[in-house]
Structure formats: structure tokens, C-alpha cells
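Here's the structure, in C-alpha cells; my notes come after.
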Amino acid sequence: MTLVDLAAPDRLPGSGKHPAEVLRMENVRMRFGPVEVLKGVSLGLRRKEILGLLGANGSGKSTLIKVLAGFNSPEPESRVRLWGDDLPLPLDAALIRRKGVAFVHQHLGLIPSLRVIDNMILSNDRLHPLGIAWGREARRLRGLFAEFGLAIDPLAPVESLAPVQRAFVAIVRAFDDLRRSEAGRAGEGVLVLDEPTPFLSGEDVEKLFALLRGIRATGASVIIVTHDIDEVLAITDRVAVMRDGRLAAMMTTAETTRQEILDAIVGRAVETFRRPSRPAPTGVAARLAGIAGGQLDPFDLTLAPGEVVGVTGLIGSGFADVPYLAFGAAPGTGRVEIGGQALDVARLTPARAVAAGMGLIPGDRLHQSCIVALSVTDNATMLALPRLRRGPALDRAAMTRATEALVAAHDVRPPRPGHLLGALSGGNQQKVVLGKWLAEEPRLLLLDEPTQGVDFGARQQIFAAIDAAAARGTAVLCASTDAEQLSQICDRVIVFAKGRPVAELTGAQVEKSVIARTCFLGVPPAPAPSPSLQEGLA
Numbered sequence: 211m212t213l214v215d216l217a218a219p220d221r222l223p224g225s226g227k228h229p230a231e232v233l234r235m236e237n238v239r240m241r242f243g244p245v246e247v248l249k250g251v252s253l254g255l256r257r258k259e260i261l262g263l264l265g266a267n268g269s270g271k272s273t274l275i276k277v278l279a280g281f282n283s284p285e286p287e288s289r290v291r292l293w294g295d296d297l298p299l300p301l302d303a304a305l306i307r308r309k310g311v312a313f314v315h316q317h318l319g320l321i322p323s324l325r326v327i328d329n330m331i332l333s334n335d336r337l338h339p340l341g342i343a344w345g346r347e348a349r350r351l352r353g354l355f356a357e358f359g360l361a362i363d364p365l366a367p368v369e370s371l372a373p374v375q376r377a378f379v380a381i382v383r384a385f386d387d388l389r390r391s392e393a394g395r396a397g398e399g400v401l402v403l404d405e406p407t408p409f410l411s412g413e414d415v416e417k418l419f420a421l422l423r424g425i426r427a428t429g430a431s432v433i434i435v436t437h438d439i440d441e442v443l444a445i446t447d448r449v450a451v452m453r454d455g456r457l458a459a460m461m462t463t464a465e466t467t468r469q470e471i472l473d474a475i476v477g478r479a480v481e482t483f484r485r486p487s488r489p490a491p492t493g494v495a496a497r498l499a500g501i502a503g504g505q506l507d508p509f510d511l512t513l514a515p516g517e518v519v520g521v522t523g524l525i526g527s528g529f530a531d532v533p534y535l536a537f538g539a540a541p542g543t544g545r546v547e548i549g550g551q552a553l554d555v556a557r558l559t560p561a562r563a564v565a566a567g568m569g570l571i572p573g574d575r576l577h578q579s580c581i582v583a584l585s586v587t588d589n590a591t592m593l594a595l596p597r598l599r600r601g602p603a604l605d606r607a608a609m610t611r612a613t614e615a616l617v618a619a620h621d622v623r624p625p626r627p628g629h630l631l632g633a634l635s636g637g638n639q640q641k642v643v644l645g646k647w648l649a650e651e652p653r654l655l656l657l658d659e660p661t662q663g664v665d666f667g668a669r670q671q672i673f674a675a676i677d678a679a680a681a682r683g684t685a686v687l688c689a690s691t692d693a694e695q696l697s698q699i700c701d702r703v704i705v706f707a708k709g710r711p712v713a714e715l716t717g718a719q720v721e722k723s724v725i726a727r728t729c730f731l732g733v734p735p736a737p738a739p740s741p742s743l744q745e746g747l748a
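Using the numbering used here, you'd call the opening residue of the sequence shown number 211 and step up by one each time.
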């Protein structure tokens, strides 16, 4: 793998023109006011290729995709060539679609209250103008799903589907659009997926990848934007890495390593966070007694001060309900004992949970953890407002000072308290959210997928902040399907199946492959025989 001379991106191996290219973005430049966010990006996509597009939050990858989608207007010297034709800029979204480029965004663009068939035809402008033959359309969609081995009922409400099935519906809808396009009629097309996997389990990601391989086999090409390097290594043919608005590296996946991709993303060698060894936590910080609700059967757990406990399992196994029940954010039963109080879950509210010394960071950052239309300061000090008053009014100077301290402590970039939170990258937004709760010094911090949609560098910083809080005595409960994340931060991991805990992993068992396999097997995998025993067996 060759890292780049950023002054000469056209010299990147694999980035030059290729006779099989179906899409070419050349010298793409983009400004937001005085700030140049794309600095001459040149990138090609080949026929029947799956190309991974990676980069830290704020690297420019999403901006580049929005140029292709027609949402962003690049500088005049930029060029986009599709199927051999130069397209006028800014790109026309309808023209791009007609020519065979379809997009699936992270939140899928589905209407949950409608049926699958209703969502599938929303983008089909070729249906008969005098009415829809619902029976015939349902039969066509069943055949389309069956083509990829999917047993999805077109008449089922989208809200009744599992997360991975919703992703399948969005992707197959986009593929259906490709087939009706000019390129699709010739057996080609370009499918662009923007962060399609954050809400999926490892098993579901594999199903999604099987679908993408099937789509590639039809002649289509795929661009997948993601933060997950392991996913890139598993599914892509080539990897494009963006950094600081430039194409920083282009690599052939089969010829590169995970560490090389990491180094290209960050621009320097980066170390994975490793928890320092500490004595085993003792005592009781909080106790969950018989909490139940959602898909969770009655569950007991005791957490020691400074202990980090992970809960995991397959989607629907009940583990994801634990933090919300314990915080009074979901209806349930049972009891939470913390700080000398016994809180009835049936009557527990988030306000009472906060007063008792608990904090919760939900998985849906944009809708449940912060207010992106407010400033960094307003978000960072939201919990501290009772302490930041001057008479009947808020002490804005004190709020700014508190935010400056948080920004410095958690390396929030850019370090501008007055910026709108929504203008920050996902990783920096999450640092603000985490810092807001850690400033309250909670006895028990409840986390749900705390690094979802966060780039590698910010992820390691978040892990370090969680560990520092644990070192100060905060007990942490982390619900996640990310086995690597759990292996990096947890003292022990509890695996759930069918609403109940089925295994508890401790010590050397808190390891990525063991956690992942236990989720599927329901029991920890048997340890490998020692070398001497293997020799004896031989």
C-alpha cells in the first residue's frame, strides 16, 4: 500500500483512468463560503466493482457523495464523467437518476407506517397514470426480492420489519430504480450506499453483503461509504481514503491491511486504545433487580464502582432494552438500587434517574442525545444549567467557560463553543454529548452504541474518556453489537438470547472473536487445545 503525496493526488496507484471506468469524478473542488472542503478530488469507479470510501468525520467523503447526488454545487473546474459523457455542473438529481445512479442514505428514506409496496413505488414514475395494478405490482416485487433470496412480503408494513429487512427494502428499491434507468437497461448502474450498516448486527451485515455481491453480479457497481474497516476488508475490491478534503490513498483491498487503512485515514500511525490494567473493581455502585420490559425478561445485575460491563447479543435478544429500562426511558418493571435509593422502574422517570446519579447516552444521537440546531455551548451545558445561573438569568460567560473546558478536555474540533452542534462531525458531536454527562460525575453511566457513526480516531478518544470516568469511580453499562468495542472497554460482557442472559465473559474471554461467536452460539466457544496437547493428539 502506498500513501499519498497530497500535492499530487493524480499519482495515486489505482486512481488513474481505467478503460472499464463507468464513473469519473475529476478535480472536484467545493467551498462552503471561504472554507475549501474538497481540494481537487479525482476518483474513478469501475464496472462490477465495490469501492469503499472511508475517512474521518469531516474528511469530505459525504460532501463528495452529495456532489454526485446533485445536492452540492462544486467549483467550475470540477468534472464528472458518467458512462463516457461529461455532465453539466451542478449535477441535476433527476438526470443522475435517469442515467443510472441510485442512492441509499443512512436513514434509508422509508416511511414506516406504509407498506413495503407503497415505499417501493414512491420513486417509480413509470407506473400507469390511470392507476396501479396492485396485485401485479406485488407479484413483481415478490419476484424481485426472490431474485436475491429475500422472503419479504410486499404487503407488510415497514414498521413490522427487522432493521436488516428495512435496509434490504431500501437497497432493492434503489436497485429497481437502476434497472429502469438508461444504464440499467444495458445491465449496468451505480449504487451508492452511505453508512448502511450502523444499526445492523454482525449477522445482518453479512446478509447485506451477500445482497451487494448479488447486485454486483448483475453488472452494477457499488460505492459504500462507511467507518468500519473490517467491513471494507470483507466486501470491497478497492478502498479510497479521504483526508482533509483530498484523496489520501487508493488501495487494492486484497493487497492492504487494516493497519495501513487506519494510518491512511489518520495520516499517521495510530494505536488502538487499550485499557490499562487495574485491580478488579469491588463494592456496589448500582444494582438492577428484576428489571424487565420490551424484549427483556427479568434481569439482575450488580455493578461495582469503576466497572465497565457490556451487554450484547443478536438484534431482538433483549440486551438493548437494559439501559433504557434502567433510566426510566422505557416502560418496564423491576428496581434500580443506587446511591442508597431503591427506584421502582414502573414509576421511574429520566428526571428521577438523573437526580439519583444516572446518565444515559442513547444510540440515536441526532434525535435523542442532542439538539443540533443549538450551539455547542447550549448542548454542553444543558445538564448544568441549575449551576450556571446568575439571579433569574443564565450566566452566559460561565456557560462559555464550562464549554471551553469540555472542548479542551475531549478534543472537540473545531474548538468553537459558539458553533452550531449540527455543523460538527458525528464524532465531535458525540464527544460533546459524552462530555456533558461526564461533567455531572454520574454514579452509573448507561450507554447504547456509544461510537455508532464515529470515525476511528474519535472512537479511541471516546474509549479513553469512558475509561477515565471508570477510573474515577463511575460504573458503566454499555449495550452494543460491536464486539470489538466491547473487547476494548469492558471488564466483563453479558451475552443475551431470547430475552435472557446466556453467558458471562470475563478475563481473556472479553475478546472480539469470543464475544461475536458467543452471540451466535449462545455459549462461549471451547478454548483451543494447548500446543502440547495438540502434539499428543497428533
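For every residue, glycine included, the Cβ atom is placed at its ideal position computed from N, Cα and C.
Quick one: is residue i buried, meaning 16 or more other Cβ sit within 10 Å of its Cβ, or exposed?
i: alanine 271; result: What sits at residue 271 in the sequence shown is lysine, not alanine. Looking at its Cβ environment, which holds 16 or more other Cβ atoms inside 10 Å, lysine 271 is buried.
i: threonine 728; result: buried
i: phenylalanine 313; result: buried
i: isoleucine 260; result: buried
i: glutamine 695; result: buried
i: glutamine 551; result: exposed
i: proline 741; result: Low local confidence applies: a pLDDT of 49 at proline 741 is under 50, so the model's placement there is unreliable, and no value is given.
i: proline 735; result: exposed
i: phenylalanine 529; result: buried
Measure the alpha-carbon distance for residue i versus residue j and round it to whole angstroms.
i: alanine 495; j: aspartate 510; result: 14 Å
i: valine 733; j: valine 712; result: 7 Å
i: phenylalanine 666; j: threonine 446; result: 19 Å
i: alanine 681; j: glycine 516; result: 6 Å
i: glycine 399; j: lysine 708; result: 41 Å
i: leucine 297; j: leucine 278; result: 11 Å
i: arginine 423; j: aspartate 473; result: 28 Å
i: aspartate 692; j: alanine 230; result: 37 Å
i: asparagine 237; j: leucine 253; result: 9 Å
i: leucine 731; j: glutamine 698; result: 22 Å
i: leucine 715; j: proline 406; result: 29 Å
i: isoleucine 342; j: glycine 294; result: 36 Å
i: alanine 590; j: valine 664; result: 18 Å
i: arginine 325; j: arginine 390; result: 22 Å
i: serine 723; j: glutamate 659; result: 18 Å
i: leucine 584; j: aspartate 404; result: 25 Å
i: arginine 600; j: glycine 268; result: 37 Å
i: aspartate 507; j: aspartate 440; result: 33 Å
i: cysteine 580; j: alanine 539; result: 16 Å
i: proline 533; j: alanine 726; result: 21 Å
i: arginine 597; j: valine 586; result: 18 Å
i: aspartate 302; j: proline 284; result: 12 Å
Check this for me: beta carbons of residue i and residue j, under 9 Å apart or not?
i: alanine 536; j: leucine 687; result: yes
i: arginine 307; j: methionine 235; result: no
i: valine 703; j: valine 519; result: yes
i: glutamate 651; j: threonine 684; result: yes
i: valine 432; j: arginine 426; result: yes
i: phenylalanine 355; j: proline 364; result: yes
i: valine 442; j: leucine 553; result: no
i: valine 635; j: alanine 668; result: According to the sequence shown, residue 635 is serine rather than valine. In contact: serine 635 and alanine 668 (Cβ atoms closer than 9 Å).
i: lysine 646; j: alanine 679; result: no
i: alanine 377; j: leucine 318; result: yes
i: valine 379; j: leucine 418; result: no
i: glutamate 246; j: glycine 455; result: yes
i: glutamine 670; j: phenylalanine 483; result: yes
i: isoleucine 381; j: leucine 421; result: yes
Tell me the DSSP secondary structure of residue i in three-state form.
i: leucine 598; result: coil
i: glutamine 695; result: helix
i: serine 742; result: In this predicted model, serine 742 has a pLDDT of only 48, less than 50, meaning its place in the structure is not dependable; the value taken from the coordinates is given anyway. Three-state result, serine 742: helix.
i: aspartate 440; result: helix
i: isoleucine 275; result: helix
i: threonine 446; result: coil
i: alanine 458; result: strand
i: asparagine 237; result: strand
i: phenylalanine 529; result: helix
i: phenylalanine 242; result: strand
Problem - At least 3 beta-carbon pairs within less than 8 Å: the segment 269–286 vs the segment 462–474 - result: Verdict: no, contact absent.
Practice task
Flag this pair as touching only if the segment 641–659 and the segment 614–623 have three or more C-beta atom pairs under 8 Å; answer yes or no.
Solution key: The way I'd put it, the segment 641–659 does touch the segment 614–623; three or more beta-carbon pairs between them come closer than 8 Å.
Exercise for the section: Could you tell me whether the segment 596–608 touches the segment 644–662, where touching means 3 or more Cβ pairs closer than 8 Å? Expected result: Judged by pairs of C-beta atoms under 8 Å, the segment 596–608 does not touch the segment 644–662, as fewer than three such pairs exist.
Problem - Meets three-Cβ-pair contact criterion under 8 Å: the segment 559–575 and the segment 625–634 - result: The answer is no - the segment 625–634 does not touch the segment 559–575, with fewer than three Cβ pairs under 8 Å.
Handout entry: Inter-stretch contact (C-beta, 8 Å, three-pair minimum) for the segment 521–531 and the segment 554–570
Key = no
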